[in-house]
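As given, the protein sequences belong to chains Y and S, one line each in that order. Note that our numbering has the first sequence beginning at 243, numbered continuously upward. Note that our numbering has the second sequence beginning at 38, numbered continuously upward. Where a beta carbon is used, it is the ideal one built from N, C-alpha and C, also for glycine. Since this is a predicted model, take the numbers as computed values, not measurements.
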Amino acid sequence: MSSDLLAVEGLSVSFPGAGEERVRVVDRVTFSIAAGETLALVGESGCGKSMTALAVMRLIPKPGRIEPGCRITFEGRDLLSAPVPEMRAIRGARMAMIFQEPMTSLNPVVTVGAQVMEAIELHGLSAREARKRALELFAQVGIPDPASRLAAYPHQLSGGLKQRVMIAMAVAMRPRLVIADEPTTALDATIRAQILELLRELAANTGTAVLLITHDFGVVNEVADRVAVMYAGRIVEQGTRRELLGRPRHPYTQGLLRSIPRPEARGSRLEEIAGTVPRPGHWPSGCRFHPRCGHAFAPCAVEDPAPTQVSATQAACCHLVAREVAP
Amino acid sequence: MTVLSAEALLEVRGLRTWFPIRKGVLQRVVGHVRAVDGVDLTVYPGETLALVGESGCGKTTVGRSILQLVEPTGGGIWFRGVNIAGLSPEAFRAYRRQIQIVMQDPGAALDPRFSVRDCIAEGLDAFAIGAGEEERTERVAELMQSVSLDPATMWRYPHEFSGGQRQRISIARALAVDPSLLICDEATSALDVSIQAQILNLLADLQRKRNLTYLFITHDLGTVRYFATRVAVMYLGRIVETGPTERIFSSPRHPYTKALLASIPSLDPERRSTRPVALGDVPSPERPPPGCHYHPRCAVRLESCSRDDPPVVEFADGMSRCILSFQERQAPTAAA
Chain Y
243 MSSDLLAVEG LSVSFPGAGE ERVRVVDRVT FSIAAGETLA LVGESGCGKS
293 MTALAVMRLI PKPGRIEPGC RITFEGRDLL SAPVPEMRAI RGARMAMIFQ
343 EPMTSLNPVV TVGAQVMEAI ELHGLSAREA RKRALELFAQ VGIPDPASRL
393 AAYPHQLSGG LKQRVMIAMA VAMRPRLVIA DEPTTALDAT IRAQILELLR
443 ELAANTGTAV LLITHDFGVV NEVADRVAVM YAGRIVEQGT RRELLGRPRH
493 PYTQGLLRSI PRPEARGSRL EEIAGTVPRP GHWPSGCRFH PRCGHAFAPC
543 AVEDPAPTQV SATQAACCHL VAREVAP
Chain S
38 MTVLSAEALL EVRGLRTWFP IRKGVLQRVV GHVRAVDGVD LTVYPGETLA
88 LVGESGCGKT TVGRSILQLV EPTGGGIWFR GVNIAGLSPE AFRAYRRQIQ
138 IVMQDPGAAL DPRFSVRDCI AEGLDAFAIG AGEEERTERV AELMQSVSLD
188 PATMWRYPHE FSGGQRQRIS IARALAVDPS LLICDEATSA LDVSIQAQIL
238 NLLADLQRKR NLTYLFITHD LGTVRYFATR VAVMYLGRIV ETGPTERIFS
288 SPRHPYTKAL LASIPSLDPE RRSTRPVALG DVPSPERPPP GCHYHPRCAV
338 RLESCSRDDP PVVEFADGMS RCILSFQERQ APTAAA
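What follows is the structure, encoded as structure tokens:
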């Protein structure tokens, strides 16, 4: 759709394997984000969600690479053919990233104020304007006593405050898209609640779209508009937040949601998903979930399931769903 | 006076574990991090007591103090009625066998140079359990089966296993010496959701089969609500509330417990639930605030909270360390 802010089509990312051939970590992933929308990309470790986010920023670490034949369109521009200087100008100004570990993303020997101001000056503001903007930003992300906090070094700030600094840097140039990779995973419960509220407010007040990478369905429910579930390099189900959390159709999504310890389940056994997540390079044939799926039948081991549309907004890649929906 | 409960398996009274802060060339002690600052806990046989709190609250140090992995500064730890806090390492050994620990990161807890067989058998060797190598190997095979691992893989090395499998190895290793109390320190926190469910089910099965008692240290309230019999909530070195799990979650008394519960994200798509209730950040345990440690973040604090230590208020179903709980308990009597 042309109204999409970001459209990712058939994205594959690969790394060199042990032998000659390359191993895919992301495999033909397609999704889009409308302006102002928050899409959560959910999955367990190694499913390829973080690599998908890095690919959108064109920050895949070498020797990894984006496979030929995919398209990433952002604000109507083809990102994969954009020259490096243009890409650099887009990053930070038009799209920005928040990482899980604020400690490793901030320079420990430079004050946080200088780091935020540097990010602003890079995009053409004077030092004075940058300082003014940094103060505004610190206040906006709820950092108490912003003026003195500008002069603080990262180690002098708590985890929650560091994450607020990261968010301030990310939104400094009023980007249209913020990619947040597990932004609350390293934070304590009471601080996580504060940061989730901040992310919600920012998205609502500034109209910034968010691509949220997470493994936590609780976080998804708090901030996402739409959800895409990834398993073994592929998106297996997409839909609105209500659809995916209320009526998940893919057995993997269903299994994930049922395996979360809930109060109603007290005293009964948790539903397990048997086995373990297959590693890249060891993905099973057909539907990659079939060896762990309780509903697998003949075609699952052979045929890669195509997405089946179950509503205008929800689709699942599952042979069982396809059979149920077929007239 | 310390009143000990006759039926308790483990009783912790007034436990203090302070770490010295040293500065300068002479490494003079300039202060203390009061990681654990007067903690009382009672663990009954066969139950799961969850010790919950945010990072830096001292919950891990409580576990490590019980195991004498760090030396407590003061207080007592009674295990089956014997104070084990002051025991010499030799005298403690007999108790060390009965109290085992499973930690968060199974990768770091298992020696990468040991085969799985040797990782699990280490405790058997240390306590001279089983006559000879062969019998120990047999015992390792049984242990591996009890945690659903294939004994045929016992000669492999930990790195060849997934995170969930490594946590099973850690559990088998802890169970090898047949402990009665298992301290699980964030034992499921680093695992993916689908694997976490497997490990929680395994822990529940083992508890039933072996009549194990768990001290379950975690920050994950969802798991606590599902898994624990009773809950102790810790904040900056002190226990602020205890009680049966259902009561804690349905009608918490301490403002910090209320804030923690309000921060649990809901999974109900018709309801978004988290409200940031606690203000600001957790202060450093190096300089805990005066009075009630929670007062700078508390939305319902009174003037006296910044000055006076909060009273320990006992109810029939648990304890709350808060002046408001004191007033709550007084209220019905005053009305009568």
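For residue j and residue i, the rounded distance between their alpha carbons
i      : j      : result
L392/Y : A43/S  : 57 Å
E485/Y : T79/S  : 45 Å
W525/Y : P541/Y : 16 Å
M339/Y : L301/Y : 11 Å
A168/S : A189/S : 22 Å
A234/S : V66/S  : 45 Å
G573/Y : Y494/Y : Lying before the first or after the last residue shown, residue 573/Y is absent from chain Y, which here runs from 243 to 569.
A196/Y : I332/Y : For residue 196/Y there is no data in the structure shown, the boundaries of chain Y being 243 and 569.
N463/Y : S553/Y : 20 Å
D320/Y : I208/S : 51 Å
R264/Y : L453/Y : 27 Å
Q342/Y : F164/S : 43 Å
D318/S : E340/S : 20 Å
R173/S : V184/S : 17 Å
P126/S : T54/S  : 18 Å
P325/S : L441/Y : 30 Å
V354/Y : S390/Y : 11 Å
P322/S : M299/Y : 40 Å
A373/S : R247/S : Any reading at A373/S needs caution, since the residue's pLDDT is 41, under 50, leaving its predicted position unreliable; the model's value is listed next. Looking at the two C-alpha atoms, the distance is approximately 49 Å.
T225/S : A369/Y : 48 Å
D187/S : F151/S : 17 Å
P350/Y : V89/S  : 31 Å
P327/Y : L247/Y : 21 Å
R603/Y : I58/S  : Residue 603/Y lies beyond the residue range present for chain Y, which begins at 243 and ends at 569; the question has no answer from this structure.
S292/Y : R534/Y : 23 Å
Q551/Y : G290/Y : 23 Å
Q480/Y : V567/Y : 16 Å
Partner residues on chain S for residue i, Cβ-Cβ distance less than 9 Å
i      : result
S254/Y : Neighbours of S254/Y on chain S: none; closest Cβ ~23 Å, over 9 Å.
R508/Y : R262, Y263, F264, T282 and E283
I385/Y : Going along chain S, no residue has its Cβ under 9 Å from I385/Y, so there is no contact; the nearest lies around 11 Å.
Rounded Cβ spacing between residue i and residue j (contact assumed at less than 8 Å)
i      : j      : result
G113/S : R50/S  : 5 Å
E309/Y : S274/Y : Wrong, their Cβ atoms sit about 19 Å apart, outside the cutoff.
D229/S : Q141/S : Wrong, their Cβ atoms sit about 14 Å apart, outside the cutoff.
N238/S : E514/Y : 6 Å
A87/S  : Q137/S : With a Cβ gap of about 18 Å, A87/S and Q137/S do not count as contacting.
Within chain S, partners of residue i - CB distance below 8 Å
i      : result
V461/Y : P302
G402/Y : D318
Closer than 6 Å: residue i CB and nearest the ligand ZN heavy atom
i      : result
K404/Y : No copy of the ligand ZN appears in this structure; indeed no ligand is present at all.
Chain-ordered chain S contacts of residue i [CB-CB under 7 Å]
i      : result
A287/Y : Reading the sequence as shown, one finds Ser at residue 287/Y and not Ala. Those within 7 Å of S287/Y in chain S are D229.
G497/Y : S231
Chain-ordered neighbours of residue i on chain Y, where CB pairs are closer than 7 Å
i      : result
P306/S : N463, R483, R484, L487 and G488
A315/S : T432
Contacts that residue i makes with chain Y (C-beta to C-beta distance below 9 Å)
i      : result
A209/S : Per Cβ cutoff of 9 Å: no residues; A209/S is ~17 Å from chain Y at best.
F286/S : P505
G201/S : T518
G259/S : G460, I502, P503, R504 and P505
L312/S : It should be pointed out that residue 312/S corresponds to Arg in this sequence rather than to Leu. By Cβ distance, chain Y contributes A435 and E439.
Beta-carbon neighbours of residue i, restricted to chain Y and to distances below 8 Å
i      : result
H256/S : D430 and A431
R309/S : N463 and E464
L297/S : A431 and T432
Against chain Y: residues of the stretch 229 to 251 of chain S by CB proximity under 8 Å: Taking 8 Å as the Cβ-Cβ cut-off, the stretch 229 to 251 of chain S approaches chain Y at D229, V230, S231, I232, Q233, A234, Q235, L237, N238 and A241, given in chain order.
So if I threshold CB-CB distances at 9 Å, which residues from the stretch 127 to 155 of chain S count as touching chain Y? From the stretch 127 to 155 of chain S, no residue has a Cβ closer than 9 Å to chain Y.
List in chain order: all unbroken beta strand (DSSP E) runs of 3+ residues lying wholly within the stretch 322 to 391 of chain Y. You should have 337 to 340.
Listed from N- to C-terminal order along the chain, which residues in the stretch 425 to 459 of chain Y have their beta-carbon within a distance smaller than 8 Å of any beta-carbon of chain S? Residues passing the 8 Å Cβ filter: D430, A431, T432, I433, R434, A435, Q436, L438, E439, H457, D458 and F459.
Could you name each continuous beta strand (DSSP E) segment of 3 residues or more that falls completely within the stretch 425 to 473 of chain Y, going from the start of the chain to the end? As far as the stretch 425 to 473 of chain Y is concerned, its whole beta strand (DSSP E) runs of at least 3 residues are 451 to 456 and 468 to 473.
For the stretch 512 to 536 of chain Y, list every residue whose C-beta sits within 8 Å of some C-beta in chain S, in sequence order. Those would be L512, E513, E514, I515, T518 and V519, in chain order.
Where are the beta strand (DSSP E) runs, 3 residues long or more, that stay fully inside the stretch 329 to 364 of chain S, in chain order? For the stretch 329 to 364 of chain S, the continuous beta strand (DSSP E) assignments of 3+ residues that do not extend past its boundaries occur at 349 to 352 and 355 to 358, in sequence order.
Any residues in the stretch 166 to 199 of chain S with a beta carbon nearer than 7 Å to a beta carbon of chain Y? Which ones, in chain order? Listed by position, the residues of the stretch 166 to 199 of chain S near chain Y (Cβ gap below 7 Å) are S199.
Closer than 8 Å between beta carbons: that is the criterion. Which residues of the stretch 280 to 306 of chain Y meet it against chain S? So the close ones are E286 and S287.
Chain S contacts made by the stretch 314 to 348 of chain Y, where a contact means CB separation under 9 Å: From the stretch 314 to 348 of chain Y, no residue has a Cβ closer than 9 Å to chain S.
Quick check for students: name the residue ranges of the alpha helix (DSSP H) that lie wholly in the stretch 257 to 341 of chain S, counting only runs of 4 or more. Taking only runs of at least 4 residues, the alpha helix (DSSP H) segments lying wholly in the stretch 257 to 341 of chain S are 258 to 264, 282 to 287 and 292 to 299.
For the stretch 72 to 101 of chain S, enumerate the residues whose C-beta is nearer than 8 Å to any C-beta of chain Y, in chain order. Those residues of the stretch 72 to 101 of chain S that come within reach of chain Y (Cβ to Cβ, closer than 8 Å) are E91 and S92.
Within the stretch 268 to 295 of chain Y, ranges of the beta strand (DSSP E) (whole runs, at least 3 residues): Counting only runs that start and end inside the stretch 268 to 295 of chain Y, the beta strand (DSSP E) elements of at least 3 residues fall at 280 to 284.
Looking at chain S, which residues of the stretch 413 to 425 of chain Y have a Cβ within less than 8 Å of any of its Cβ atoms? The residues in question: there are none.
Please specify which runs of the beta strand (DSSP E), each continuous and at least 3 residues long, are wholly inside the stretch 59 to 112 of chain S, giving them in chain order. Look at the stretch 59 to 112 of chain S and you find these whole runs of beta strand (DSSP E), each 3 residues long or longer: 65 to 80 and 85 to 89.
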